[in-house]
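Read through the structure below, which is laid out as structure tokens, and then see the notes.
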Amino acid sequence: MSSLLDPHARGRVILVGAGPGDPGLLTLRAVEALRQADVVVHDGLIDPRVLDFAPATAQRISVAKSRARHTLPQDAINALIIAHVKTGAIVVRLKGGDPFVFGRGGEEVEAVRAAGLPVEVIPGVSAALGCAADAMLPLTHRDWSSAVSFVAGQCKGLTEQDWSGLAGQGRTLVIYMGVACAGLIADKLMADGVAPDMPVAVLERGTLKGARALRTLLADLGGMVEREKVVSPAIIVVGEVVLLSDAENRLQALAQQAEAMS
Numbered sequence: 133m134s135s136l137l138d139p140h141a142r143g144r145v146i147l148v149g150a151g152p153g154d155p156g157l158l159t160l161r162a163v164e165a166l167r168q169a170d171v172v173v174h175d176g177l178i179d180p181r182v183l184d185f186a187p188a189t190a191q192r193i194s195v196a197k198s199r200a201r202h203t204l205p206q207d208a209i210n211a212l213i214i215a216h217v218k219t220g221a222i223v224v225r226l227k228g229g230d231p232f233v234f235g236r237g238g239e240e241v242e243a244v245r246a247a248g249l250p251v252e253v254i255p256g257v258s259a260a261l262g263c264a265a266d267a268m269l270p271l272t273h274r275d276w277s278s279a280v281s282f283v284a285g286q287c288k289g290l291t292e293q294d295w296s297g298l299a300g301q302g303r304t305l306v307i308y309m310g311v312a313c314a315g316l317i318a319d320k321l322m323a324d325g326v327a328p329d330m331p332v333a334v335l336e337r338g339t340l341k342g343a344r345a346l347r348t349l350l351a352d353l354g355g356m357v358e359r360e361k362v363v364s365p366a367i368i369v370v371g372e373v374v375l376l377s378d379a380e381n382r383l384q385a386l387a388q389q390a391e392a393m394s
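Residues in the sequence shown are numbered consecutively from 133, following the working numbering.
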């Protein structure tokens with residue numbers, strides 16, 4: 133079967149990973165797909181410079197999501213994509229990070245295939261990999277961590293998620309979408325036996341202008357997020373590898389500030 137990137141093939145979907153933010157982290161194939169797009173259906177956090185790779189004539193449709201508000205539910209996004217493909221358009225579904233890492237790419241592939249339409253997926257640098265590299269934080273290390281896990285940390289359904297064994301000595305846990313309930317996440321992990329003094333980092337706006345990499349101890353995670361006014365997009369990394377990173381030790385800074393004031 134010829135590649136769906138064949139410019140003569142019309143009426144198809146290309147799911148494209150836009151990476152963690154910096155347009156320089158796009159793959160060559162992602163740029164090639166964008167340049168062929170008739171319609172770009174994109175997430176809300178996509179850098180405008182990424183969208184500039186699409187032709188000026190391409191229709192750009194934002195389906196931005198936030199914790200409190202979705203412009204369109206997932207079923208409606210699926211229907212939107214399919215409707216445009218049926219007109220013969222080349223539709224690029226542009227997603228932050230990688231489509232198959234907490235990007236609902238699997239759901240969209242299922243919907244497009246169920247409609248009998250061709251679909252291709254172009255992977256992207258996931259937020260965890262891009263933000264960790266930006267902060268010089270190795271997710272695995274022969275001396276510190278031989279396993280890494282990725283979980284979604286949304287507040288809804290948090291108590292039902294089983295993370296036992298995913299964090300602790302010799303392991304790294306990366307939590308997506310966890311900033312809003314950072315304190316609850318810390319409580320959950322400590323209840324599962326993770327030491328309160330386990331190093332944690334919060335990587336905010338990784339690879340983008342204004343990026344911050346902050347670290348503290350697990351027991352202070354919620355407090356640090358509140359004190360530093362951390363906002364999404366951000367990921368949380370739990371594990372001893374955090375100590376190898378360039379993340380700023382905000383608990384130490386807080387202690388020094390308190391000492392100076394005493």
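All residues carry an ideal CB built from backbone N, CA and C; glycine is no exception.
These figures come from a predicted structure and were not determined experimentally.
- Under the three-state reduction of DSSP, V172 is assigned to strand.
- Around I213, the same chain offers V145, V173, V223, R225, E240, A243, V244 as residues with beta carbons nearer than 8 Å, after the five sequence neighbours per side are excluded.
- Sequence-distant Cβ neighbours of D324 in its own chain, meaning closer than 6 Å and more than five residues away, are S296.
- Distance from the CA of P270 to the CA of L157, rounded to the nearest whole angstrom, comes to 18 Å.
- Per DSSP, the beta bridge partners of I254 are V148.
- Counting C-beta pairs closer than 8 Å gives three or more between the segment 153 to 170 and the segment 337 to 351, which meets the contact rule.
- According to the DSSP secondary-structure assignment, E380 is paired through a beta bridge with L346.
- A buried status is given to R347, since no fewer than 16 other beta-carbon atoms sit within 10 Å of its beta-carbon.
- Assigned with DSSP and collapsed to three states, P180 falls in helix.
- For A314, the enclosing alpha helix (DSSP H) begins and ends at 314 to 323.
- Under a 10 Å Cβ-count criterion, G342 is classified as exposed, with fewer than 16 other Cβ atoms of the shown protein chains found around its own Cβ.
- Taken through DSSP and simplified to helix, strand or coil, L261 comes out as helix.
- In the three-state reduction of the DSSP assignment, Q293 falls in the coil class.
- According to the DSSP assignment, A141 belongs to no beta strand (DSSP E), since it is labelled neither H nor E.
- When the Cα atoms are used, N381 and E358 turn out to be separated by approximately 15 Å.
- Straight across, the Cα-Cα distance linking G149 with T189 is about 21 Å.
- In the DSSP assignment, E336 falls outside any alpha helix (DSSP H) and within the unbroken beta strand (DSSP E) covering 331 to 336.
- Here L375 is exposed. Its C-beta has fewer than 16 other C-beta atoms within 10 Å.
- Cβ-Cβ distances below 8 Å link L349 to P328, D329, M330, P331, V332, L383 in the same chain, with the five nearest sequence neighbours on each side left out; the list follows chain order.
- 7 Å or more divides the Cβ of V370 from the Cβ of W276.
- Where R245 is concerned, the enclosing alpha helix (DSSP H) starts and stops at 237 to 246.
- According to the DSSP secondary-structure assignment, L305 is paired through a beta bridge with S281, V370.
- Ranked by Cα distance from I367, the first of D175, F282, L298 is F282.
- Under the 10 Å beta carbon count, G302 is surrounded by fewer than 16 other beta carbons and is classified as exposed.
- For the set S258, P180, T219, the Cα lying nearest the Cα of G237 is the one of S258.
- For R192, the enclosing beta strand (DSSP E) has its first and last residue at 191 to 194.
- Nearest to G256 by C-alpha distance, out of K361, L160, L353, S377, is L160.
- Counting along the chain, the unbroken alpha helix (DSSP H) around R359 starts and ends at 353 to 359.
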